[in-house]
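Asker: I have a structure here, written as structure tokens, and I will follow up with some questions on it.
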Amino acid sequence: MVEYLDRNLVRADRAWGGTRGKNMKTIILLGTLFLSSTSFAWGPTGHRVVGQIAENHLNLFVKKKVKKLLDGESLARVSNWPDKIKSDPDTYGYTYRWHYTDWPDTSIGYNRTSNNGDLVKAIEENYQVLKNKKATKAERAFALKFLVHLVGDIHQPLHVGNGLDRGGNRCRVVYQGEESNLHKVWDEKLIEFTRLSFTEYAKFIDIKKKKEYKKMLGGGALEWAKESADLRPKLYPEEVPAIGAKSDLILKNYCNKELNLPTEQLPRIGYGYGYKLIPLMERRMLEAGIRLAHMINTAL
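All letters in the sequence shown, in the order written, are residues 8 to 307 by the working numbering.
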């Protein structure tokens with residue numbers, strides 16, 4: 008049974024720049040840790056794409072409710088707010104774990120009691136708050152903003168991690184001639200490669216037929232997490248041959264920080280990788296947008 012979020016945790020959307028008298032050094036240090044420890048799923052453009060697609064599929068009655076709830080803002084506009092507030096861990100630090108979860112082996116049931124991220128639970132609970140007509144406007148707006156973002160997160164396969172490489176953040180790769188990491192490639196680089204604005208991208212990948220729309224519905228956060236975990240292995244490039252130490256079945260050598268491989272021994276990925284996997288990325292953003300729209304239409 009889905010529990011409601013503690014009302015003390017669902018706070019109003021308010022200014023997030025102040026320290027409120029706390030030690031400034033502590034705030035800056037914590038903020039740096041929050042921002043550097045994980046990347047943002049899909050990046051700003053990708054989250055806006057998801058928000059725009061969702062808005063395209065809201066029914067007229069719900070669209071008016073959303074506009075009122077968000078004080079005239081669009082879903083695309085608020086889609087990155089949950090990442091922005093990471094810079095204020097004193098106020099919003101409890102939401103940090105909402106952005107990811109681990110599911111090392113989908114042949115084994117999902118561990119809801121694990122401390123390795125709360126993405127599934129956060130989607131389920133924020134949905135309940137959005138549905139709750141007794142919740143305040145501020146609480147429901149907060150929940151909606153997070154749903155827009157988190158539904159995007161859960162459809163990015165590296166936000167449902169294997170529990171070993173921090174969702175690909177530890178996986179060093181050379182992308183288009185520059186050293187990067189696999190998570191960043193999936194959050195930002197592949198989308199940047201398309202050179203499309205979020206409105207262009209949303210229009211490009213959105214569906215037009217109701218039959219296609221219905222095929223993408225069904226399931227909930229747990230099922231979407233399993234989809235991402237099942238897709239996740241496709242994202243990891245092959246090892247560079249003759250690398251030395253043999254890889255673990257799950258942890259690739261280029262994801263093993265203890266090996267500290269030189270750059271020339273890292274996988275080099277570029278056009279071929281994008282050509283193969285950008286369609287998968289686009290499919291996941293589309294599914295996220297369609298499913299998000301269905302959640303909002305149902306809740307409101």
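Virtual Cβ for every residue (Gly too), placed ideally from N, Cα, C.
Computed from a predicted model, the values in this text were never measured in an experiment.
(1) Looking at the secondary structure, which residues open and close the beta strand (DSSP E) in which Arg179 lies?
(2) Using only the alpha-carbon positions, how far apart do His54 and Ser86 sit?
(3) State the Cα-Cα distance for the pair Thr113 and Ser81, rounded to the nearest angstrom.
(4) Go to Ser235, then tell me how far its alpha helix (DSSP H) extends in each direction, as first and last residue.
(5) Buried or exposed for Glu230, going by 16 or more other Cβ atoms inside 10 Å?
(6) By DSSP's criteria, Gly124 is part of a beta bridge. Which residues make up the other side?
(7) If we ignore side chains and look at the alpha-carbon of each, how far apart do Lys138 and Asn63 end up?
(8) What's the C-alpha gap between Asp90 and Leu157?
(9) Can you say whether Tyr261 is buried or exposed, counting buried as having 16 or more other CB atoms within 10 angstroms of its CB?
(10) So if DSSP puts Glu185 in a beta bridge, which residue, or which two residues, is it bridged to?
(11) Would you call Ile115 buried or exposed, if buried means 16 or more other Cβ atoms sit within 10 Å of its Cβ?
(12) Which of helix, strand or coil does DSSP assign to Ile214?
(13) Which residue wins for smallest C-alpha separation from His190, given the options Asn176, Phe200, Phe211 and Ile276?
(14) State the start and end residues of the unbroken alpha helix (DSSP H) segment that holds Lys152.
(15) Tell me the residue span of the alpha helix (DSSP H) that contains Glu289.
(16) Mapping the DSSP letters down to three states, classify Arg202 as helix, strand or coil.
(17) Using a Cβ-Cβ cutoff of less than 6 Å, which residues in the same chain neighbour Tyr182 once the five nearest sequence positions on both sides are dropped?
(18) Could you give the distance in angstroms between the alpha-carbon of Trp105 and the alpha-carbon of Val127?
(19) Look at Glu186 and Thr270 and say whether their C-beta atoms are less than 7 Å apart.
(20) Would Asp109 pass as a contact of Gly170 if the rule is Cβ separation under 7 Å?
(21) Contact criterion: CB-CB distance below 7 Å. Does Leu273 meet it with respect to chain B?
(22) What three-state label does DSSP hand Arg84 in the structure shown?
(23) Quick one: what's got a C-beta closer than 6 Å to Lys224's C-beta in the same chain, skipping five residues either side?
(24) What are the partner residues of Gly168, as DSSP defines its beta bridges?
(25) Mind checking whether Leu307 and Val69 have CB atoms under 7 Å apart?
(26) Could you give the distance in angstroms between the alpha-carbon of Lys259 and the alpha-carbon of His162?
(27) If you measure between the beta carbons of Gly58 and Val155, is that distance less than 7 Å?
(28) Could you tell me the distance, in whole angstroms, from the CA atom of Gly100 to the CA atom of Asp125?
(29) Can you tell me the Cα-Cα spacing of Pro286 and His166, whole angstroms?
(30) Would you identify the three-state DSSP class for Arg119, choosing helix, strand or coil?
(31) Rounding to the nearest angstrom, what Cα-Cα distance links Ala142 and Lys71 in this structure?
Answerer: With the structure as the only source:
(1) Secondary structure note for Arg179: its beta strand (DSSP E) is the uninterrupted segment Arg179 to Tyr182.
(2) 6 Å
(3) 35 Å
(4) Ala228 to Leu238
(5) exposed
(6) None, per the DSSP bridge assignment.
(7) 20 Å
(8) Spanning the two alpha carbons is a distance of roughly 10 Å.
(9) buried
(10) According to DSSP, Glu185 bridges with Tyr182.
(11) exposed
(12) coil
(13) The candidate whose alpha carbon is nearest that of His190 is Asn176.
(14) Lys144 to Ile161
(15) Tyr278 to Ala306
(16) Residue state for Arg202 is assigned as coil, using DSSP reduced to three classes.
(17) Val192, Lys196 and Ile276
(18) One C-alpha to the other measures close to 8 Å.
(19) yes
(20) yes
(21) The chain inventory of the structure shown lacks chain B, comprising one protein chain alone.
(22) helix
(23) Going by the sequence as given, residue 224 is Leu instead of Lys. These residues qualify, in order along the chain: His301.
(24) Asp109
(25) yes
(26) 22 Å
(27) yes
(28) 13 Å
(29) 18 Å
(30) coil
(31) 18 Å
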